[in-house]
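Novice: In our numbering, the protein residues as written are 21 to 339. Positions of the beta carbon are idealized from the N, C-alpha and C atoms, including for glycine. None of these values were measured; they are calculated from a predicted model.
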């Protein structure tokens, strides 16, 4: 996209610049990403993924585990891309890795969160929800897919653009995906708060024990951090790749990297297996048997009544 004398290209698939040939100021980021910071983020997402694998295997929460692992792997790939950029700020593959993977990774975390609220509603009381729990699958997951496609396509187009105008088209597509993601998250958060409020005032509030409240706090906290991150990325992309915000590593570390690390760790501490596995044992398992016993008692009673009627009928015939 950008060329220097002697046939040197600073950005794009044909980029051939290195720090030995081109000044750092000629690169798109205009800085070398911090090695210590990116190594820390790779370790955090890697450890979180390993913990999610263990938690998912132990509690058999396969769907949640798959979403979290996919998101963590994308984050790791993205930060490996930033390490590549550190050694060569003009490396196109490294930039492609970080701009696409880090941008779309939170979409998978959001999918996991959407499914969790549906399970919470089923666990506490589906009858008090304004919408059916399945709505969270059929509405929010497709919305996540749309957001994913827009952000991935926009990131790819912005990277292969040959002119500044081509790059801006990709930026606008990614921006549309991020705005749509925020819109979806806001709707989800409103439904989240509304359901918890209604549950606290319903006859099913006994299910909102301390464990459930703690789980919901971690879940909502993770959602809030993703929202903060998306708001930052919207401002960043609205300014464009050539803006001061995009080239500010401190802002990126604080409002992207650290925010997403906290969001993922919150879902480790607020793992659904601690709530829903517990809900499938103990007293909850006794309820079906209690109902069965009650039905049996009712059947025995009806049988006794029927036998009494038959005896009376036989007695009247004899008379």
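#1: Specify whether the segment 60–74 and the segment 87–94 touch according to this definition: at least 3 beta carbon pairs, one from each stretch, less than 8 Å apart.
#2: Beta-carbon separation of residue 202 and residue 141 under 8 Å?
#3: For residue 258, which residues from the same chain have a beta carbon less than 8 Å from its beta carbon, with the 5 sequence-adjacent residues on both sides left out?
#4: Buried or exposed for residue 26, going by 16 or more other Cβ atoms inside 10 Å?
#5: Which partner residues does residue 24 have in the DSSP bridge list?
#6: Using the C-alpha atoms, what's the distance from residue 261 back to residue 187?
#7: On the criterion of 16 or more Cβ atoms from any shown chain inside 10 Å, does residue 233 qualify as buried, or is it exposed?
#8: Determine the direct distance from the alpha carbon of residue 250 to that of residue 198, and round the result to whole angstroms.
#9: The alpha helix (DSSP H) spanning residue 84 covers which residue range?
#10: How long is the line joining the alpha carbons of residue 37 and residue 111, rounded to whole angstroms?
#11: Would you give the residue range spanned by the alpha helix (DSSP H) that residue 239 belongs to?
#12: Between which two residues does the alpha helix (DSSP H) harbouring residue 65 extend?
#13: Is there a C-beta anywhere in chain D that falls below 8 Å from the one on residue 241?
#14: Assign residue 290 to one of three DSSP states: helix, strand, or coil.
#15: Exposed or buried, residue 101, counting other C-beta atoms within 10 Å across all chains shown (16 or more means buried)?
#16: Using alpha carbons as the reference points, say which of 132, 96 and 268 lies closest to residue 64.
#17: Within a Cβ cutoff of 7 Å, which residues of the same chain sit near residue 267, ignoring the five residues on either side of it in sequence?
#18: With a Cβ-Cβ cutoff of 8 Å, do residue 53 and residue 269 count as a contact?
#19: Nearest by alpha-carbon distance to residue 207: which of 223, 155 and 237 is it?
#20: Should residue 171 go down as buried or exposed, given a rule of 16 or more other Cβ atoms within 10 Å for buried?
#21: Given a cut-off of 8 Å, decide if residue 168 and residue 205 are closer than it, judged by their beta-carbon atoms.
#22: Leaving aside the five residues before and after residue 132 along the sequence, list all residues of the same chain whose C-beta is less than 6 Å from its C-beta, in chain order.
#23: Identify whether residue 110 lies in helix, strand or coil by the three-state DSSP scheme.
#24: Taking only the alpha-carbon atoms, compute the straight-line gap between residue 113 and residue 238 and give it to the nearest angstrom.
#25: Measure from the alpha carbon of residue 211 to the alpha carbon of each residue in 125, 160 and 280, then state which is nearest.
#26: If I measure Cβ to Cβ from residue 265 and keep anything under 6 Å in the same chain, skipping five residues before and after, which residues do I get?
#27: Under three-state DSSP, which class holds residue 52?
#28: According to DSSP, is residue 181 helix, strand or coil?
#29: Applying the criterion that 16 or more other CB atoms from any shown protein chain within 10 Å of the CB defines a buried residue, is residue 223 buried or exposed?
#30: What's the C-alpha gap between residue 107 and residue 129?
#31: Along the chain, where does the alpha helix (DSSP H) that runs through residue 272 open and close?
#32: Given that a residue counts as buried once 16 or more other Cβ atoms are within 10 Å of its Cβ, and exposed if not, what is residue 30?
#33: Among the candidates 245, 217, 135 and 288, whose CA atom is the shortest distance from the CA of residue 162?
#34: Check the C-beta distance from residue 150 over to residue 214 and give it rounded, since I have them as a contact under 8 Å.
Specialist: Let me lay it out:
#1: Flag = yes, the segment 60–74 and the segment 87–94 touch.
#2: As a first step, residue 202 must be located in the chain shown, where it is residue number 182. As a first step, residue 141 must be located in the chain shown, where it is residue number 121. In this structure, residue 141 does not lie closer than 8 Å to residue 202 by Cβ.
#3: Taking the chain shown and counting its residues from 1, the one referred to as residue 258 is at position 238. Leaving aside the five residues that flank residue 258 on each side, the residues in its chain whose CB is nearer than 8 Å to its CB run, in chain order, 195.
#4: Position 6 of the chain shown, counted from the first residue, corresponds to residue 26. With fewer than 16 other Cβ atoms within 10 Å, it is exposed.
#5: The count along the chain shown starts at 1 and reaches residue 24 at position 4. Under the DSSP definition of a beta bridge, residue 24 partners with 28.
#6: Here residue 187 refers to the residue found at position 167 of the chain shown. Here residue 261 refers to the residue found at position 241 of the chain shown. One C-alpha to the other measures close to 8 Å.
#7: Reading the chain shown from its first residue, position 213 is the one you call residue 233. It counts as exposed.
#8: The residue labelled residue 198 in the question sits at position 178 within the chain shown. The residue labelled residue 250 in the question sits at position 230 within the chain shown. CA-CA distance, residue 198 to residue 250, rounds to 6 Å.
#9: Your numbering for residue 84 matches position 64 in the chain shown. Secondary structure note for residue 84: its alpha helix (DSSP H) is the uninterrupted segment 82–107.
#10: If you number the chain shown from 1, residue 37 lands on position 17. If you number the chain shown from 1, residue 111 lands on position 91. Looking at the two C-alpha atoms, the distance is approximately 8 Å.
#11: Here residue 239 is taken as the residue at index 219 of the chain shown, counted from 1. Counting along the chain, the alpha helix (DSSP H) containing residue 239 begins and ends at 230–259.
#12: Here the question's residue 65 lines up with position 45 in the chain shown. In the DSSP assignment, residue 65 falls within the alpha helix (DSSP H) that extends over 55–79.
#13: Given the protein chain composition of this structure (a single chain), no chain D is represented.
#14: What you label residue 290 is simply residue 270 of the chain shown in a count that begins at 1. Three-state DSSP puts residue 290 in coil, outside helix and strand.
#15: Against the chain shown, residue 101 aligns to sequence position 81. Buried, because 16 or more other Cβ atoms sit within 10 Å of the Cβ of residue 101.
#16: Residue mapping note: residue 64 aligns to position 44 of the chain shown, counting from 1. Nearest C-alpha to residue 64: 96.
#17: The residue given as residue 267 occupies position 247 in the chain shown. If we look at residue 267 and ignore the five residues flanking it on each side, its Cβ neighbours are 49, 50 and 51.
#18: If you number the chain shown from 1, residue 53 lands on position 33. If you number the chain shown from 1, residue 269 lands on position 249. Using a Cβ distance threshold of 8 Å, residue 53 and residue 269 count as a contacting pair.
#19: Translated into the one-based positions of the chain shown, residue 207 becomes position 187. With distances taken between CA atoms, residue 207 lies nearest to 155 out of 223, 155 and 237.
#20: Looking up residue 171 in the chain shown gives position 151. Residue 171 is buried by the Cβ-count criterion.
#21: Numbered from its first residue, the chain shown carries residue 205 at position 185. Numbered from its first residue, the chain shown carries residue 168 at position 148. For residue 205 and residue 168, no; Cβs fall outside 8 Å.
#22: Reading the chain shown from its first residue, position 112 is the one you call residue 132. Cβ within range, chain order: 84, 87 and 88.
#23: For the purposes of this step, residue 110 is taken as residue 90 along the chain shown, with counting starting at 1. In the structure shown, residue 110 sits in coil (DSSP, three-state: anything other than H, G, I, E or B).
#24: Counting from 1 along the chain shown, the entry for residue 113 is found at position 93. Counting from 1 along the chain shown, the entry for residue 238 is found at position 218. Going from the Cα of residue 113 to the Cα of residue 238 covers about 36 Å.
#25: The sequence position of residue 211 within the chain shown is 191, counting from 1. Taking only the C-alpha atoms, the option nearest residue 211 is 160.
#26: The residue you call residue 265 lines up with position 245 of the chain shown. Counting only Cβ-Cβ distances below 6 Å, and skipping sequence neighbours, we find 256 and 259.
#27: The residue given as residue 52 occupies position 32 in the chain shown. Coil.
#28: Taking the chain shown and counting its residues from 1, one reaches residue 181 at position 161. Here DSSP, grouped into helix, strand and coil, assigns residue 181 to coil.
#29: What you label residue 223 is simply residue 203 of the chain shown in a count that begins at 1. With fewer than 16 Cβ atoms within 10 Å of its Cβ, residue 223 is classed as exposed.
#30: Translated into the one-based positions of the chain shown, residue 107 becomes position 87. Translated into the one-based positions of the chain shown, residue 129 becomes position 109. Answer to the nearest angstrom: the Cα atoms are 30 Å apart.
#31: As a position in the chain shown, residue 272 is number 252, starting the count at 1. Bounds of the alpha helix (DSSP H) holding residue 272 are 269–272.
#32: In the chain shown, the residue the question calls residue 30 occupies position 10. Its Cβ being crowded by 16 or more others within 10 Å, residue 30 is buried.
#33: In the chain shown, residue 162 corresponds to position 142, counting from 1. Considering only alpha carbons, the answer is 135.
#34: As a first step, residue 150 is located in the chain shown; it is residue number 130 there, counting from the start. As a first step, residue 214 is located in the chain shown; it is residue number 194 there, counting from the start. A Cβ-Cβ distance of about 7 Å is found for the pair residue 150 and residue 214, placing them in contact under the 8 Å criterion.
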